[in-house]
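Below: the structure, in structure tokens.
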Amino acid sequence: MNVCNLCGSNDLKLLFVKSSVNLMKCRECGLVFIDPRPTLADLKKYYTENYYFATDSVTGGYDNYLADKENLLKTFTKRISFIENYIKPGKMLDVGCAFGFSLIAAKNRGWDVCGIELSDFASDIAKKQGFNIFSGTIEESPFQNGYFDCITMWDLLEHTIDPKKELLKTNQLMKNGGILTLSTPDVSSFLEKITGRHWLGYQSPKQHLFYFSPKSISHLLKNTGFEVTKIFHIGKFCSLSFIIQRLKYYNLTLAKPLDFTVKFLSLENFTIYVNPFDTLGVIAKKIK
Ligand SMILES: [Zn+2]
Numbered sequence: 003m004n005v006c007n008l009c010g011s012n013d014l015k016l017l018f019v020k021s022s023v024n025l026m027k028c029r030e031c032g033l034v035f036i037d038p039r040p041t042l043a044d045l046k047k048y049y050t051e052n053y054y055f056a057t058d059s060v061t062g063g064y065d066n067y068l069a070d071k072e073n074l075l076k077t078f079t080k081r082i083s084f085i086e087n088y089i090k091p092g093k094m095l096d097v098g099c100a101f102g103f104s105l106i107a108a109k110n111r112g113w114d115v116c117g118i119e120l121s122d123f124a125s126d127i128a129k130k131q132g133f134n135i136f137s138g139t140i141e142e143s144p145f146q147n148g149y150f151d152c153i154t155m156w157d158l159l160e161h162t163i164d165p166k167k168e169l170l171k172t173n174q175l176m177k178n179g180g181i182l183t184l185s186t187p188d189v190s191s192f193l194e195k196i197t198g199r200h201w202l203g204y205q206s207p208k209q210h211l212f213y214f215s216p217k218s219i220s221h222l223l224k225n226t227g228f229e230v231t232k233i234f235h236i237g238k239f240c241s242l243s244f245i246i247q248r249l250k251y252y253n254l255t256l257a258k259p260l261d262f263t264v265k266f267l268s269l270e271n272f273t274i275y276v277n278p279f280d281t282l283g284v285i286a287k288k289i290k
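Numbering (my numbering), first residue to last: 3 to 290.
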């Protein structure tokens, strides 16, 4: 029987169906998740080269993950410098590290870094940069319990098959008082409310398996041995062409004239920091 990953309740309601996937909401705790959920073998099939160099990134994956390196480095540098308000540089693990750009940003700021990446394609690229990367899941990883001062999960938890198990294992790998930082789409955001099933968070229902709100992520972190220190909306550096592509997806009349102007002025690669207030940033402390 299908039960909620967070509270175990079977009192679920169907929100809508998208790409043959049911979006379910737990009436008890508010967790949103897809049904049926893929297996680990299915996940491995998604995160191949095609995911990082997708022909239609709006419905899943990235246009060209490598070409976005500078923006990603700037984003991770900003995020990691923010974490340093809570913990000084020490041993860091990034779960779902993709090509390792987060590790470059952290290393440059004095962190001793390791990564975990499910995708063989992405982890091979990260390994080639000289990083200690485990290719697989956090469950199977060989890292010692109580080893890390800080674990980061950038846009990772929504992709996992069992977020509770993922966070319990994360907790084990951390030192007491260590800091966990994560980002994940906010299913209770204003943007979700006004765009409904067209919200970009729902763009790839076969890859985003769970959707959290400040309430449900706090509940999950509490149940897995963490105390939430801060919850906020987190942004990222994006090129103007990326922003226009997203505006076009929402079919905004604004997108076309903006597209014309940006192309006319050759500003496609101009970068700005964007916060659409639909992605949660969470800082949590291991307390047990
Ligand atoms: Zn629930």
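By construction, the Cβ of each residue, glycine as well, lies at the ideal position given by its N, Cα and C atoms.
May I have the straight-line CA-CA distance separating residue i from residue j, to the nearest angstrom?
i	j	result
Y49	M155	16 Å
S121	F145	18 Å
P187	N277	12 Å
A107	L17	39 Å
S266	K238	The sequence shown places Phe at residue 266, rather than the Ser named in the question. If you take the alpha carbons of F266 and K238, they lie about 25 Å apart.
Y88	T197	35 Å
K241	H161	Looking at the sequence itself, residue 241 is Ser, so the reference to Lys does not match. If you take the alpha carbons of S241 and H161, they lie about 25 Å apart.
E270	T255	19 Å
K208	Y252	20 Å
I153	L169	10 Å
S218	V189	10 Å
D261	R199	25 Å
S243	I135	32 Å
S137	S125	6 Å
F133	S143	15 Å
P165	E194	21 Å
G148	E141	15 Å
F78	P216	22 Å
L105	T263	36 Å
L175	E51	29 Å
Here's a check: name, in chain order, each residue in its chain whose Cβ is nearer than 6 Å to the Cβ of residue i, leaving out the five neighbours to either side.
i	result
G283	S185, F234 and I236
Y53	G63
I85	T183
L332	Residue 332 is absent from the model: the chain starts at 3 and stops at 290.
K2	Because residue 2 is not part of the residues shown, which for the chain are 3 to 290, the question remains open.
Identify, in the order they occur along the chain, each residue of the same chain with its Cβ nearer than 7 Å to the Cβ of residue i, setting aside the five sequence neighbours on each side.
i	result
D37	N4, N24 and M26
K224	none
H221	L8 and C31
G227	N173, K288, I289 and K290
A257	I246, L249 and K250
K71	F103
G191	The amino acid at residue 191 is misidentified as Gly; the sequence shows Ser. So the list reads F279 and D280, once near-sequence residues are dropped.
C99	L105, G117, I118, E119, A128 and I135
How close, in whole Å, do the beta carbons of residue i and residue j come, if the pair is a contact with beta carbons under 8 Å?
i	j	result
F150	K129	The pair is not a contact, with the Cβ atoms about 19 Å apart (cut-off 8 Å).
K287	E229	5 Å
I181	K232	10 Å between Cβ atoms; not a contact.
L158	V115	Going by Cβ atoms, the distance from L158 to V115 rounds to 16 Å, so no, they are not a contact pair.
G102	G117	6 Å
T139	L202	Actually they do not touch by this definition, with Cβ atoms about 26 Å apart.
N73	T273	6 Å
F55	L211	Rounded, the Cβ-Cβ distance is 23 Å, inconsistent with contact.
K20	Y204	6 Å
Just to confirm my understanding: we take residue i, look at its own chain, exclude 5 residues before and 5 after, and list those with CB closer than 8 Å. What are they?
i	result
R29	S11, D13, L14 and K15
I163	R39, P40, T41, L42, L45 and L211
S83	R111
Does the beta carbon of residue i come closer than 8 Å to any beta carbon on chain C?
i	result
S11	Among the chains in the structure shown there is no chain C, since it carries only a single protein chain.
Fill in: Exercise answer, beta-carbon shell around ligand 1 heavy atoms below 5 Å
C6, L8, C9, S11, C28, E30, C31 and L33
Fill in: Continuous alpha helix (DSSP H) assignments of at least 4 residues falling wholly in the segment 14 to 71
42 to 48 and 51 to 54
Worksheet item: Considering only residues of the segment 175 to 261, which uninterrupted beta strand (DSSP E) runs meet the minimum length of 3 residues and lie entirely inside it, listed in chain order?
Response: 176 to 187, 228 to 235 and 238 to 241
Worksheet entry | beta strand (DSSP E) runs wholly inside the segment 70 to 104, at least 3 long, in chain order | 93 to 97
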